[in-house]
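There are 2 protein chains.
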Amino acid sequence: MTTAATSWVEVPEGSHFPVQNLPYGVFARPRQAPRVGVAIGAHVLDLAGLAQAGLLPGPGWFAAPTLNAFMAAGPAAWRTARDRITELLADARHRRQVEPHLERQAAVELLLPFEVADYVDFYSSRDHASTVGQIFRPGSPPLPRNWLHLPAGYHGRAGSVVVSGTPVTRPRGQLLPAGAAAPVFGPTRRLDFEAEVGFVIGVGSPLGAAVAAGEFTQHAFGFVLVNDWSARDIQSWETQPLGPFLGKSFATSLSPWVLPVAALEAARVAPPRQDPPPLPYLRCEQPWGLDLALQIMLNDQILARPAFRGMYWTSPQQLAHATVNGAPLRTGDLFASGTVSGPGPDERGCLLEMTWDGTRPVMLPDGTTRAYLEDGDVVRITATAPGPDGTTIGFGSVEGRVAPAQPVDNPGHPQGA
Amino acid sequence: MTTAATSWVEVPEGSHFPVQNLPYGVFARPRQAPRVGVAIGAHVLDLAGLAQAGLLPGPGWFAAPTLNAFMAAGPAAWRTARDRITELLADARHRRQVEPHLERQAAVELLLPFEVADYVDFYSSRDHASTVGQIFRPGSPPLPRNWLHLPAGYHGRAGSVVVSGTPVTRPRGQLLPAGAAAPVFGPTRRLDFEAEVGFVIGVGSPLGAAVAAGEFTQHAFGFVLVNDWSARDIQSWETQPLGPFLGKSFATSLSPWVLPVAALEAARVAPPRQDPPPLPYLRCEQPWGLDLALQIMLNDQILARPAFRGMYWTSPQQLAHATVNGAPLRTGDLFASGTVSGPGPDERGCLLEMTWDGTRPVMLPDGTTRAYLEDGDVVRITATAPGPDGTTIGFGSVEGRVAPAQPVDNPGHPQGA
């Protein structure tokens, strides 16, 4: 066992946050300004406090309301900080100095960890794309004709990205009732979640320059869990010809903890074989499948356990594709994987798939059934991964409760302004 | 003639910037930090200098590299500032104090006027949407079935928005050659522009709250010209099922000047009649058609003169639609109109329409022809509008030169990192 294998901080059995993980987040003590911290067991380590005490380098990185300045500092700074934090938490000789900077996670508020620059959402699970194709285009080939050639994606609304725990108000919009000639206005009747994994950019790139797949670790800072809430009826009426818009833009939830790329080294596996072979700019020598075990809970009951390792397109391929036309990267750019679904019936990452667009409701262990989400429902997505030294690390969770829609008879601003 | 009808600053005949206009921008003197200014004739008035000299209120709004802080200050602050700047430029008694804060526009660099939060691109010209439908779906109804019910739109890449004058590198990507079974990688062969008009949000709105069409002037700060550069071959291969992505995300150019909403009062006209009548949330009592005369120049030769007043969906309707699901607004959110095209053959706002997807090249006055843009081509879009007192005001221009693509044999980063 190496020095780093245990911490003098007590880490409860089954915690997602042993000393091998050390994910970054932003927290606030009651009535205090937000600052950067690291999760360790049931605690958060106050990095701003450590830096102020001279125990950690990084002027201005940690006494900040977002991770963006630290993310922009680049791989050498990330490595130095992670090594030092590991040392402070692993070596009991630091306990006296460091312990005053620990807070119980339950005693602080966890905030959105970074300011999102652009948000791109991919569609990289072959099982998800195939099932959606069968549901919406029965009799046609299940995959769009470009799907095996490129990681399909689109831009989502960065301003709608919220941290886990933020209530999600049932969105209103235009819906086309079955058989109707014209749309009606009302709350979505087909509210869904999508379990996804995202990565966030630390180091940007200039306009006009493509970023190669092999440069992934020079730009990507870490990974988060994502719930890409979706209103299937709004989405299906609006989606031709310009793609998803209001059916997605009302809310996207993120886990409060960002797992550094370095924490996931032991989780890297070979991705599925790609046939046809992708164009050269999409080839990636290193294995960037990730062995993440997701779990989706609805009102504390397990709905599904999708495996991320089966995703057809990998994160470096997504990054190479998104920049091959010279689009620049900025610190805070968020790239989500698309719904994580596997081949099995218990591996589907959204209700659209699980219920075949609401036509085959699922039954929960307590006997209740769901076609789509109801008001008051709580969706919680968690994920774990192999860590170093045989440990298990995790993302914590991304969670949200469905709040009722604004009244339909108020066509505009709910505050009546 | 009112006091405000003329300025003691000389305004050249035909200038877009009489004292009735006063658009805001960000400029930098050589080797100095960017600051906020206002265009007057061939000059820019240094608002940071005026504020520092105590001639203008607004601590911190103008000694800033973007308009965002001033835009966030809201309609009362915008009105107070505009009234005071008008007074300073109209009343010759202020000349001695104000004149030291004038710079020739030719002597400064004009920068991107605001930091873009989210970028939404609409598709609001009926003529454009109909022509595109005929080109891409001959034999089908020219308009998508939802088009007359909602202002169709999608999110674009905010990080790719650049100021007029920025070279636009011909993007590379996946293209499907005619008759081919698999895509190839290479520079776009069908590079296009799209002449558009955008509005930018000053005052944001909270998550979960729709913004009514009638609240437009409480949120929108001003209008800009937009060139939404497009690679038609990349776009057509990728666009199903998620909409435009890399065919658009390589660059979007903005005019350096933002016309305040108040400057366009005299340009407001009734929009086209809408049949079927839109759903209640899309109704707008006030007339928000805008009588803007666009002109598109290719290498200094006139290509087209589209009229913005014919746009089917208005800016307040676009705003109401984009927020009806509770999506929040942020300062800097940019909403572009979509290609501005009219019914006439000389009113088409992009080459896709003018050349029927390259099959009917246009001939320029000098005898050269174009199917799509060639390397070295310069596209310049300008627009004028009726101002107060019978004046004509304008946007200046948004301009860009096409730079050659990165070499095809470099599949990744052009710097070879």
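Chains A and B are the protein sequences, given in the same order. Reminder that position 258 of the first sequence reads as 250 in the numbering used here, one-by-one numbering, no gaps. Reminder that position 327 of the second sequence reads as 319 in the numbering used here, one-by-one numbering, no gaps. Yeah, the Cβ is synthetic: ideal placement off N, Cα and C, and Gly gets one too. Owing to the predicted nature of the structure, the values given are computational and were not obtained by experimental measurement.
DSSP three-state label for residue i, please.
i                : result
Ser7 (chain A)   : coil
Leu104 (chain B) : coil
His405 (chain B) : Since pLDDT at His405 (chain B) reaches only 47, below the 50 mark, its modelled position is unreliable, and the value read off the structure follows with that caveat. Correct three-state label for His405 (chain B): coil.
Val124 (chain A) : helix
Asp75 (chain A)  : helix
Phe213 (chain B) : strand
Ala312 (chain B) : helix
Tyr273 (chain A) : helix
Asp110 (chain B) : coil
Pro92 (chain A)  : helix
Ala56 (chain A)  : coil
Ser307 (chain B) : helix
Pro198 (chain A) : coil
Pro179 (chain A) : strand
Gly302 (chain A) : helix
Leu290 (chain B) : strand
Leu284 (chain B) : coil
Among residues of its own chain, excluding the 5 on either side of residue i, which ones have a beta-carbon nearer than 7 Å to its beta-carbon?
i                : result
Ala243 (chain B) : Ser152, Val154, Val160 and Trp221
Gln210 (chain A) : Pro67 and Val195
Gly33 (chain A)  : Val1, Glu2, Val3, Pro4, Ser7 and Phe9
Pro413 (chain A) : Any answer about residue 413 (chain A) is impossible in this case: the structure gives chain A only from -7 up to 409.
Ala61 (chain A)  : Gly52 and Trp53
Can a CB atom of chain B be found closer than 8 Å to the CB of residue i?
i                : result
Gln44 (chain A)  : no
Glu2 (chain A)   : no
Arg372 (chain A) : no
Glu107 (chain A) : no
Asp225 (chain A) : no
Gly235 (chain A) : yes
Ala82 (chain A)  : no
Ser241 (chain A) : yes
Thr161 (chain A) : yes
Asn138 (chain A) : yes
Pro248 (chain A) : no
Kindly say whether residue i, judged by its beta-carbon, lies nearer than 8 Å to any beta-carbon of chain A.
i                : result
Asp367 (chain B) : no
Trp229 (chain B) : yes
Phe177 (chain B) : yes
Gln24 (chain B)  : no
Ala174 (chain B) : yes
Ser389 (chain B) : no
Val316 (chain B) : yes
Tyr16 (chain B)  : no
Gly379 (chain B) : no
Gly145 (chain B) : yes
In chain order, what residues of the same chain lie with their CB nearer than 8 Å to the CB of residue i, ignoring the 5 residues before and after it?
i                : result
Ser333 (chain A) : Ser117, Asp119, His120, Thr123, Pro298, Glu339, Arg340, Gly341, Cys342 and Glu345
Gly125 (chain A) : Ser132, Pro133, Pro134, Leu135 and Pro136
Gly318 (chain A) : Leu199, Gly200, Ala201 and Ala202
Gln293 (chain B) : Leu356, Pro357 and Asp358
Phe197 (chain A) : The sequence as given places Ser at residue 197 (chain A); Phe does not occur at that position. These residues qualify, in order along the chain: Val203, His211, Thr315, Pro320 and Leu321.
Arg71 (chain B)  : Ala254
Arg410 (chain B) : Outside the shown range of chain B (-7 to 409) lies residue 410 (chain B), about which nothing can therefore be said.
Thinking residue i and residue j are a contact (beta carbons under 8 Å), I'd like their distance in whole angstroms, please.
i                : j                : result
Met289 (chain A) : Leu295 (chain A) : 7 Å
Ala410 (chain A) : Tyr273 (chain A) : The requested residue 410 (chain A) is not part of the displayed model; chain A covers only -7 to 409.
Ala363 (chain B) : Leu256 (chain B) : That pair is no contact at about 35 Å.
His93 (chain A)  : Leu140 (chain A) : The Cβ separation is near 50 Å, so there is no contact.
Ala144 (chain B) : Pro308 (chain B) : Contact flag wrong, Cβ pair sits at about 16 Å.
Ser329 (chain A) : Gly190 (chain A) : 7 Å
Gly50 (chain A)  : Leu102 (chain A) : Contact flag wrong, Cβ pair sits at about 21 Å.
Leu59 (chain A)  : Val100 (chain A) : Wrong, their Cβ atoms sit about 16 Å apart, outside the cutoff.
Going along the chain, which residues of its own chain have a beta-carbon closer than 6 Å to the beta-carbon of residue i, five neighbours each way excluded?
i                : result
Gly388 (chain A) : His8, Ser247 and Trp249
Pro399 (chain A) : none
Leu412 (chain B) : Here chain B comprises residues numbered -7 to 409, so residue 412 (chain B) is not present and cannot be evaluated.
Met63 (chain A)  : Gly194, Phe213 and Thr323
Gln227 (chain A) : Pro236 and Gly239
Arg260 (chain A) : Pro279
Since residue i meets chain E, which of its residues come closer than 9 Å, beta carbon to beta carbon?
i                : result
Val154 (chain B) : In the displayed structure, chain E is absent; the protein chains listed are A and B.
Point to revise | Any beta strand (DSSP E) of 3 or more consecutive residues that is wholly inside the region 339 to 390 of chain A | key: Entirely contained in the region 339 to 390 of chain A, the beta strand (DSSP E) runs reaching 3 residues are, in chain order, 370 to 378.
Review point. Which runs of the beta strand (DSSP E), 3 residues or longer, sit entirely within the region 127 to 175 of chain A?
Key: List check, beta strand (DSSP E) in window: 145 to 148, 153 to 155 and 164 to 167.
Practice item. Go through the region 206 to 261 of chain A residue by residue and report every complete run of the beta strand (DSSP E) that reaches 3 residues or more, in order. Key: List check, beta strand (DSSP E) in window: 212 to 219 and 244 to 246.
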